[in-house]
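Residue numbers (the working numbering), protein chains in the order written: chain A, 2 to 166; chain B, 36 to 810.
Taking it in order: structure first as structure tokens, then the write-up.
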């Protein structure tokens, strides 16, 4: 047994303190230490994207980040997308477009899509497919996911226009 | 209420001889799936997400050798390791002292739990011999997964490594190492004299194949090979067991069938069924790979020894090495036809790898290979062969995709040599109602011709190709679907909503499609039905969710439960109104009586009166469905082959399938799209790579490549509806069929693009270049 390290970070907007072993991944800390099981383990070697989170706004596979590395950082997981007012437009679009079947890859796709739309609010289909190539889905064949991301982009653009008015 | 919007999508619909009318209020609409919000918010609980107070973590020690005798296992160092609570080996399984070994030659029984008790034990935890790299030997429960992992390294196993055989044809040779020293080949004529790796063989014959060959003007014959591939679900297997001092074992696990898990554990652990409760979690993809259960028993033994709940979650490498992929095959096909384009004979030999234990789906493949055609003379022979690889299991239309890859390339070549359009050739010969198959079964109402016709008329098939090295391929396929036992209950709430509990695990969206059928049958809105998956204590026996059976067979159970609810509600109305029950009718959400036109109660109004007319109403629907509708599909694909690298890129892809009736058209499209993309992966990328000693070389998603969003175009879908008369709304199984044609369609497209025929899966760039160079 090693000495655990105290880590302090802001996760989904909330200041969180936890203890972790130096070898524990961020994914393991989220799931087993903090009870945030929305991020999923599909491969544990960065090849499926099911564990995707935003780390200081950057898209990462949380299985490839150590828990101790997030000291002082901000983390967004799928649990932080919706609030009491309702679903995030991406989540709403995934529901409406039936962009999920088993749903296991869905948290990773939602986070990856959010990172995409923050960089490119009006992506082409090709752009979406390229950006999401780091996330595996075995159920849907991707078509409805791509459609959902486009629908969410349109809705976010509409919301932004309404705010401007 | 979301209404049917069928005409907005690429949907053309055919009914056998009559126009289809939108006669349903709920069936055919597209409500959001009931589990969607939980899943997009990260709240849905899958197998690996389960947690209990005092939870320990289990890890499994697996054989590094493909074939070895175990001389000894010493667990003492692991047991003494700090943080370890329990270590188990085969000795902890009931009957470990010589009972229940391989004998009597019976290896397989019908149904999903297909491994007999005597092999179950060694398959769960090997005692004296390991049969594949990944075979479980021991397991540890510890305070953390890391401690458990470290403790595995302290278990000392002394192996005598044996020669391994991983190729199906080599395994059939007399000199091949034997996996099971006493196993003989079972066939209808009895058992073989000598032990063999061929577990069983069979042959179907129709008519006179020699006469069929003599009548043929053109005969095409080839051999095809396919590799072992994995279902590739994203969620690894995970199970949590608690075996209490009261003798009750509770298993919370990701499975396609809770009752199958319970059956298996009862046999293996020798417990009464009532002592075991299996609670299914959300399932993160299964595709046939989560029927069998090996981890559950190991977690149960660890829990009993540790006195605490134990969770085991597989790593991705364990999923590749230690679960049940689908096996490699060698298939020989020979088909003859007349100059006029009529098939006179079809012959096939199917050699299927079963993996370490018997039970490949060669029988399903043999039934399916020529099922789409009306063939006067034929012979199909099948061989189930054990090799030193993981035991194989079902994978979406089990056994049939390799058979279609072989059959449909031969059909394509025949059409080409006869100068016929590939669809025209297939339509000339396609099976119809009344066609006797080579295996003997006679087709009932089917949509084979309608599917081919819709495919041939589709805009994709008529569109020009615009580039060098591009080709268009088609393939036609069949999957037999399934029925079997299903149970459900519907309880009426006081506000007129209802709670639907089904015994079928939802792996594709069936809670939604079943709630829709309940709503339709009850005359309620979809939103008034709340569906839930039951555990094994809360609902009647239901077979595993496999064989594309759930929407169909459990749908019949749900409609039966709805009719039971209506009958009981009618009785309550008759009580309230003091009229004979046979005068009460229920239509469009309203109860009336022929005795008094003034009496009228809506479903909700009557539901509010249940509490003072005898108490709650629960309708029950338990069925064993013995007849069901089969599925046909035709796929069209355009590919472009890079002549320098050999890489085949999919430009356009269309799936046409008869689904009987689309209960939820959006979910049907999702099944067609997802199945096609899995088939594209099987065609172009996926395959287990082995070294000489039988070690898998690519057990990661980096080296075993699944299709990504960038590898596939949007999959177009055409829903053909030839209603199946045995289902209340005409539904046929949908989910498995779409994986069958893709490798064949893509191979045919590559042939049109560059002239070469690729007869081995996966069709990697290297194989494409090699075949092109050989022209």
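Ideal Cβ positions, reconstructed from N, Cα and C, are used throughout, including at glycine.
Keep in mind that this is a model prediction, so the values were computed, not measured.
Residue ranges of each beta strand (DSSP E) within the segment 11-89 of chain A, 3 or longer: You should have 15-21, 53-56, 59-62, 75-77.
I'd like the span of the beta strand (DSSP E) that includes residue 160 of chain A, first residue to last. Here residue 160 of chain A belongs to no beta strand (DSSP E); instead the alpha helix (DSSP H) covers 144-165.
Length of the line joining the Cα atoms of residue 879 of chain B and residue 392 of chain B: With chain B covering only 36 through 810, there is no way to say anything about residue 879 of chain B.
Among B/269, B/328, B/206, whose alpha-carbon lies nearest the alpha-carbon of residue 363 of chain B? B/206
Please compile the residues from chain C whose C-beta is within a distance smaller than 8 Å of the C-beta of residue 45 of chain A. Absent from the structure is chain C; the protein chains it does hold are A and B.
Any C-beta of chain A within less than 8 Å: which residues of the segment 75-86 of chain B qualify? 75, 76, 77, 78, 79, 80, 81, 83, 84, 86
Which runs of the alpha helix (DSSP H) at least 4 residues long sit entirely within the segment 104-132 of chain A? Give them in chain order. Complete alpha helix (DSSP H) runs here, min 4: 107-120, 126-132.
Delimiting residues of the alpha helix (DSSP H) encompassing residue 802 of chain B: Counting along the chain, the unbroken alpha helix (DSSP H) around residue 802 of chain B starts and ends at 800-808.
Taking beta-carbon pairs under 8 Å, can you tell me which members of the segment 35-65 of chain A lie near chain B? 36, 37, 38, 39, 40, 41, 42, 43, 44, 45, 46, 48, 49, 51
Beta-carbon of residue 108 of chain A versus every beta-carbon of chain B: anything under 8 Å? yes
How many angstroms separate the CA atom of residue 244 of chain B from the CA atom of residue 412 of chain B? One C-alpha to the other measures close to 5 Å.
Do you know offhand how far residue 33 of chain A's Cα is from residue 611 of chain B's? A straight-line Cα-Cα distance of about 56 Å links residue 33 of chain A and residue 611 of chain B.
Cβ neighbours of residue 17 of chain B in the same chain (closer than 6 Å, five flanking residues each side left out): Lying before the first or after the last residue shown, residue 17 of chain B is absent from chain B, which here runs from 36 to 810.
Give me, in chain order, the residues of the same chain whose beta-carbon lies closer than 7 Å to that of residue 246 of chain B; leave out the 5 immediate sequence neighbours on both sides. 412
Should residue 694 of chain B and residue 774 of chain B be called a contact, given that it needs their Cβ atoms to be closer than 8 Å? no
Compare the C-beta of residue 8 of chain A against all C-beta atoms of chain B and say whether one is closer than 8 Å. no
Grouping DSSP H, G and I as helix and E and B as strand, with all else coil, what is residue 589 of chain B? helix
Rounded to a whole number of angstroms, what is the C-alpha to C-alpha distance between residue 564 of chain B and residue 59 of chain B? 16 Å
Check the Cβ-Cβ distances between residue 103 of chain A and every residue of chain B, and say whether any is below 8 Å. yes
Answer with yes or no whether the minimum CB distance from residue 158 of chain A to chain B is below 8 Å. False, the Cβ-Cβ gap to chain B never drops below 8 Å.
Assigned exposure category for residue 256 of chain B - 16 Cβ within 10 Å defines buried: exposed
Three or more C-beta pairs below 8 Å linking the segment 142-156 of chain A and the segment 66-86 of chain A: no
CB-CB length for residue 123 of chain B against residue 340 of chain B, believed under 8 Å: 6 Å
In angstroms with no decimal places, state the Cα-to-Cα distance between residue 541 of chain B and residue 630 of chain B. 44 Å
Can a CB atom of chain B be found closer than 8 Å to the CB of residue 155 of chain A? Not a single C-beta of chain B is nearer than 8 Å to the C-beta of residue 155 of chain A.
Can you check whether the CB of residue 550 of chain B is closer than 8 Å to the CB of residue 660 of chain B? no
Per DSSP, residue 364 of chain B forms a beta bridge with which residues? B/261, B/387
When we look at the beta-carbon of residue 548 of chain B and count the other beta-carbons within 10 Å, is it buried (16 or more) or exposed? buried
Does any residue of chain A bring its CB to less than 8 Å from the CB of residue 673 of chain B? no
Does the CB of residue 754 of chain B have a neighbour CB from chain A at under 8 Å? no
Mind checking the segment 731-753 of chain B against chain A and listing, in chain order, the residues whose C-beta falls within less than 7 Å of any C-beta there? 735, 736, 737, 741, 743, 744, 745, 747, 749, 750
Measuring alpha carbon to alpha carbon, tell me which residue in B/724, B/697, B/729 is nearest residue 752 of chain B. That would be B/697, whose Cα lies nearest to the Cα of residue 752 of chain B.
Taking all protein chains shown into account, decide if residue 107 of chain B is buried (16 or more other Cβ within 10 angstroms of its Cβ) or exposed. exposed
Could you give the distance in angstroms between the alpha-carbon of residue 36 of chain A and the alpha-carbon of residue 98 of chain B? Residue 36 of chain A and residue 98 of chain B: Cα-Cα distance of roughly 33 Å.
Span of the beta strand (DSSP E) holding residue 107 of chain B? 103-109
Go ahead and label residue 701 of chain B buried or exposed: buried means 16 or more other beta carbons lie within 10 angstroms of its beta carbon, across all protein chains shown. buried
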